[in-house]
Structure formats: C-alpha cells, structure tokens
Amino acid sequence: MPFMKGLMPIRRTFYYLEKGDIFLRSQVRIVLMAYHPTKKNSEGARDFVFWHWAQLQHKNPYVQLVKSMKDWPVPYVRAFLDDGKDVVMDIENYDRQQVHDRIQKVIGKNENMLVREHMMQAKIDNPANFGDTYPRQCICEMAGQVPCPSILPLPKYLRGKWRWNKNLP
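In the UniProt record's numbering, the protein residues as written are 1 to 169.
The structure is reproduced here in structure tokens:
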C-alpha cells in the first residue's frame, strides 16, 4: 500500500484520526501554533504537531489550524475567538502530553459539554420520535404503518370493541 510509506504512517490511518480527543469549543475559529523546530524549548510543541495535529484537524473541521515554524524563539498557542478576542498559551519547555492537556483544558470542550451535545444530537436525530416538535406529526406518516383512523377507518378486526366482543354484528 503506497500510503503506508514514510515517517510513522500510522498517523495517516482513519483509525488513528478517530482516536483524537480534543474537540475545540464552538467559539474558537483559528488556532495558531508557533514554534521553532530545532530549539530545545520547542520539543513538546514539535512532538504535539507530529502526533496530534492531524487528529485536531480531523475532529475540528470548521476551525482553521495554522503552524508557524522558525518565526518565534518561544513556542506558544494562540486561539482566535469569534468575538474578536484571542487566547494565548505559553508552552515553553512543555512535553507533548502537557501541551495536549493544556489545549484540552483551555480551549477544548470538557466532558460535560460533549455528553450534553451527544444527548441533544441523539434526541434530534432519532427517527422513532414523532410529535409537534419533530419532523413527523404522527406515526402514520411512516411508510408501512397503519393509517390514522380519522383519515381511513380501521378494519373491524383491528377495533377493540369488535375484537373483544364477538357477539356484535
């Protein structure tokens, strides 16, 4: 397989991309990571970009991610928010896991936010739901279901009074 060549090809697999666990908040629009690839104080930032940058892009498709290398002597992460403000995090002398945890804690969604969003999405997307606040008003709108008795009278064998009282004509 040609895509399995190169430096650490596991990073280019879908399975690895799905393992990313940083979901950025909805206010974050742009994330800039500046570091120098050869300096000792940027090792954690360099390793974070090597291992987690593709996962971050995969899990946050509507956020612009920018790497700036060889421009700054001190590594940092800068997040631009949708209201014009920005958040700057100094990551000098951090290792890869510390950078990961810092980004997760400062601009990432916490576990409660993820669970709440998942529950809301599951509630909206469930095709079994019907009623006033859902796309279908009644179960009879689904193909293969019995039509409403107000639109089309039910057959006698489906009516309760005929089913349980066989003496009726």
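In this text, a Cβ means the ideal position worked out from N, Cα and C, and glycines have one as well.
- Residues Gly44 of the same chain have their beta carbon placed closer than 6 Å to that of Tyr94, with the five preceding and five following residues left out of the count.
- Gln97 and Phe48 have their C-alpha atoms some 8 Å from each other.
- Collapsing the DSSP output to three states places Val146 in coil.
- If only complete runs of 4 or more residues are kept, the region 88-148 shows the alpha helix (DSSP H) at 96-107 and 111-125, in order along the chain.
- Scanning its chain for C-beta atoms nearer than 7 Å, with the 5 sequence neighbours on each side dropped, one finds around Cys138 the residues Phe130 and Cys148, in chain order.
- Pairwise C-beta distances place the region 26-41 in contact with the region 69-89, as three or more of them are shorter than 8 Å.
- Membership of Lys67 in any alpha helix (DSSP H) is not indicated; the residue belongs instead to the beta strand (DSSP E) covering Gln64 to Met69.
- Residue state for Arg29 is assigned as strand, using DSSP reduced to three classes.
- One alpha carbon belongs to Met119, the other to Leu152, and they sit about 37 Å apart.
- Between Lys40 and Gln27, the alpha-carbon positions lie close to 32 Å from each other.
- Around the Cβ of Gly144, a 10 Å sphere holds fewer than 16 other Cβ atoms; the residue is exposed.
- Distance between Ile22 and Gly108, taken at the CA atoms: about 6 Å.
- Between the region 77-91 and the region 100-117 there are three or more C-beta pairs closer than 8 Å, enough to call the two in contact.
- With a cutoff of 8 Å on beta-carbon distance, Leu65 and Gln55 are scored as not near each other.
- With fewer than 16 other beta carbons inside 10 angstroms of its own, Arg159 counts as exposed.
- Cβ neighbours of Glu92 within its own chain (closer than 7 Å, five residues either side excluded): Asn41, Val74 and Pro75.
- Residue pairing by DSSP places Asp86 opposite Phe80 in a beta bridge.
- Judged by DSSP secondary structure, Phe23 falls outside any alpha helix (DSSP H); it is assigned neither H nor E.
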